[in-house]
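Right, one structure below, let's go through it.
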Amino acid sequence: MLILHCPCCGVDADETDLHAGGEAHLKRHGPGSSDEAFEEYLFMRENPKGVHFERWRHAYGCGKWFLAARCTNTLEVFGTYSAQTLEPPQDIKDAISAKRPGWVWREFT
Amino acid sequence: MSNAISAVQARVAPGEVTIREDGLRGMIILRGDLASKKLRNICKSVTGVAVPAQGQVDVTGGKGLCWMSPDELLVLVPYAEAAQALDAIDKAFSGEHYLAENVSDARALIHVEGAFAREVMAKLAPVDLHPDSFKPGDFRRTRLAQAAAAFWMRDEDTFEVICFRSVAEYVFGLLAQSAKEGPVGYFTKA
């Protein structure tokens with residue numbers, strides 16, 4: 001069972017309190033963008049065995065969105081952080097590097 | 110005018126742990142900037158208590174405030190005073206962004222009273238309810254089995270549960286069954 005710490009209300013929420021929101025850090029491409037960029041935005045997703053970044057919503061709790069860094073292989077959670085950010089904060093990156101040296105996820109390392 | 114009645118009409122399921130519906134209670138959802146001076150002042154004047162810290166609740170004598178999310182409070186007042194309290198809140202916020210709505214008739218309030226109330230709740234909610242982790246004054250929004258609910262402890266042996274009126278029958282049944290099944294004996298009191 002996955003337990004994530006909600007950075008918005010500060011509780012450790014059980015998976016059943018949460019709603020998964022898919023991949024984090026997507027860059028939106030809308031009208032005016034190239035077909036390739038729009039396709040990438042709409043359909044192309046990471047499917048890693050290992051470090052992954054996801055959006056979660058604390059649906060039964062405070063109702064806020066947040067982001068989580070975790071390992072899809074071991075279900076280990078490296079940390080959760082605010083959704084109001086364009087890239088994972090340094091302390092999250094450091095926490096991952098300590099456990100998974102040399103990790104790469106999209107443009108983040 | 111029609112007479113307002115509560116969701117399960119103050120039903121009681123007596124036992125070692127008694128489940129009792131509170132009856133009608135005034136509840137106002139208030140969204141806004143919780144750090145705002147206007148919000149803090151009006152909450153204090155309506156309920157007599159200060160805005161609680163994150164994840165906390167402060168209820169005394171039927172009036173109080175629950176911390177629902179970083180931008181949301183639940184204001185508790187006696188049922189008859191809800192409309193008046195809402196008026197006061199609307200007046201106080203002139204010029205500031207906020208949302209206040211009287212949800213008294215959309216919610217139900219149920220008490221869980223007795224020696225193993227903690228275990229009655231722990232069987233239903235995915236929450237760490239160990240006496241070291243969840244204490245009187247803590248407030249938690251979560252689910253009870255399949256329904257959304259929020260609860261806090263009035264004292265060591267009493268929980269107060271808020272749920273949507275539409276699922277009050279279900280939540281009351283859940284709590285009553287959980288109480289009837291008896292204690293698990295997992296939480297030992299020191």
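Residue numbers (the working numbering), protein chains in the order written: chain A, 1 to 109; chain B, 110 to 299.
Think of the CB as a built atom: it goes at the ideal place given N, C-alpha and C, for glycine as much as any other residue.
Source: prediction; values computed, not measured.
Checklist entry - So is B:A258 buried or exposed if we call it buried at 16+ other beta carbons inside 10 Å? => result buried
Next on the checklist: So for B:C272, helix, strand or coil by DSSP?
Outcome noted: strand
Checklist entry - Would you say A:L49 faces chain B, with C-beta separation under 9 Å as the test? => result Note on identity: in this sequence residue 49 of chain A is Lys, with Leu being the wrong assignment. Not one chain B Cβ lies under 9 Å of A:K49.
Checklist entry - So with Cβ pairs under 9 Å, would you call B:P179 a contact of chain A? => result yes
Checklist entry - What residues in the segment 234 to 267 of chain B have a beta carbon less than 8 Å from any beta carbon of chain A? => result P235, V236, D237, R249, R250, T251, R252, A257
Checklist entry - In the segment 158 to 182 of chain B, which residue ranges form an unbroken beta strand (DSSP E) of at least 3 residues, counting only runs that do not cross its ends? => result 166 to 169, 172 to 178
Item to check | Contact set between B:G164 and chain A, taken where Cβ atoms lie within less than 7 Å | outcome: C9, G10, V11
Checklist entry - How do the segment 128 to 145 of chain B and the segment 181 to 201 of chain B stand: do at least 3 beta-carbon pairs fall below 8 Å, yes or no? => result yes
Checklist entry - Which residues share a DSSP beta bridge with A:F53? => result A:A69
Checklist entry - Helix, strand or coil: how does DSSP classify B:F281 here? => result helix
Item to check | chain B within 9 Å of A:Y81, Cβ atoms only | outcome: no
Item to check | Stretch-stretch touch, CB-based, cutoff 8 Å, three pairs: the segment 285 to 295 of chain B with the segment 40 to 55 of chain A | outcome: no
Item to check | Contacts that A:T16 makes with chain B (C-beta to C-beta distance below 8 Å) | outcome: P235, R252
Next on the checklist: I need the straight-line Cα distance from A:E40 to A:L86, nearest angstrom please.
Outcome noted: 18 Å
Checklist entry - Cα-Cα, which of B:M177, B:L133, B:P187 is closest to B:W261? => result B:M177
Checklist entry - Which chain B residues are close to A:G61, counting only those with a beta carbon under 7 Å from its beta carbon? => result R250, T251
Next on the checklist: For B:P235 and A:L26, what's the separation of their Cα atoms in angstroms?
Outcome noted: 31 Å
Next on the checklist: Within a Cβ cutoff of 6 Å, which residues of the same chain sit near B:T251, ignoring the five residues on either side of it in sequence?
Outcome noted: A234, V236
Next on the checklist: So, under 8 Å CB-CB, B:R274 and B:D214 are touching, yes? Tell me the CB distance rounded to an integer number of Å.
Outcome noted: 7 Å
Checklist entry - Can you tell which of A:G21, A:G63, A:C71 has its C-alpha closest to the C-alpha of B:D180? => result A:G63
Item to check | Alpha-carbon to alpha-carbon, A:G61 and A:E54 | outcome: 18 Å
Next on the checklist: Just to confirm, is the Cβ distance from A:L18 to A:H58 under 9 Å?
Outcome noted: yes
Checklist entry - Between B:L238, B:T156, B:D266, which lies nearest to B:V221 when the distance is taken from Cα to Cα? => result B:D266
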